[in-house]
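Right, one structure below, let's go through it.
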Amino acid sequence: MAIISPRRFSRTRTQQSEKTQQLIIFEVCQERFALPIKAVFKVVPMGTTYGDPNDVGSSITVYEGRELVVLDVARHVFGRRSIRTSSSASVPSVNVLEPTPMNYLIVARSPQNVFIGLPVAESPTVRRVPLSAFSPLPPSYAGKVNIQCVSSLIIEPEKPPLFLLNTEQLTQLPPQLTVSS
7 MAIISPRRFS RTRTQQSEKT QQLIIFEVCQ ERFALPIKAV FKVVPMGTTY GDPNDVGSSI
67 TVYEGRELVV LDVARHVFGR RSIRTSSSAS VPSVNVLEPT PMNYLIVARS PQNVFIGLPV
127 AESPTVRRVP LSAFSPLPPS YAGKVNIQCV SSLIIEPEKP PLFLLNTEQL TQLPPQLTVS
187 S
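Put into structure tokens, the structure is as follows:
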């Protein structure tokens with residue numbers, strides 16, 4: 007039987023004292039995003055999507071026999087398509103744009119129990135992040151880049167920042183995309 011010394015017990019208790027939040031982390035358009043694990047229902051292989059005639063970044067897929075709205079994260083957060091820049095060195099002055107193949111679908115749910123799909127190219131990861139790493143978006147940044155659906159910024163030492171998505175805002179149709187009848 008191992009003996010726990012007071013020093014060893016004290017060190018363990020100190021390390022566990024900072025609260026953390028478990029997040030699902032994924033990348034879209036070379037930016038890193040996160041969702042609270044409680045907001046993620048499932049991660050499944052990406053299926054076929056249908057119906058985005060106005061090219062607004064919202065389409066439909068069939069998931070478990072029901073329709074599921076699929077949102078282009080880059081379009082809804084930054085107002086641009088999910089495209090990536092080619093890293094080809096042969097043409098340094100021109101960026102070649104090509105579609106990013108989406109291989110997975112994050113099925114998320116809002117606090118109102120509305121389900122949405124977020125397509126991603128690579129399998130998301132799960133990570134615990136200390137609550138001290140969460141901070142609000144600087145107002146000057148949020149206003150200049152017209153960023154939407156992001157509730158906070160997560161900054162950890164030695165890691166690129168993460169944008170924490172707000173599922174409630176993602177499930178609401180932005181005013182500029184509303185179709186008038």
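Convert by adding 6 to the 1-based position in the sequence shown; the result is the number in our numbering.
Idealized CB from N, CA, C, for every residue including glycine.
These numbers were taken from a predicted model, which means no experiment stands behind them.
The beta carbon of M52 is closer than 6 angstroms to those of M108, N109, Y110, L111 and P125 in its chain, skipping five residues each way along the sequence. Residues of the same chain with a CB within less than 8 angstroms of the CB of R134, apart from the 5 flanking positions on each side, are T26, Q27, Q28 and L29 in chain order. Of the candidates L137, V132, A139 and L159, L159 places its Cα closest to the Cα of P145. Between Y56 and I43, the C-beta gap is not smaller than 7 angstroms, which leaves the two residues out of contact. In this structure, the CA atom of S64 is about 11 angstroms from the CA atom of L176. Q175: not part of any beta strand (DSSP E); member of the alpha helix (DSSP H) spanning T173 to L176, first to last residue. Counted as a single uninterrupted DSSP element, the beta strand (DSSP E) harbouring A114 occupies residues Y110 to R115. Annotated three-state conformation of V62 is coil, per DSSP. Distance between A139 and V46, taken at the CA atoms: about 21 angstroms.
With respect to the C-alpha of P136, the residue from V75, V50 and P163 having the closest C-alpha is P163. Of all alpha-carbon atoms in V113, F84, A114 and E73, the one lying nearest the alpha-carbon of C155 is that of F84. For A40, the enclosing beta strand (DSSP E) starts and ends at E37 to P42. Judged by DSSP secondary structure, V120 falls outside any beta strand (DSSP E); it is assigned neither H nor E.
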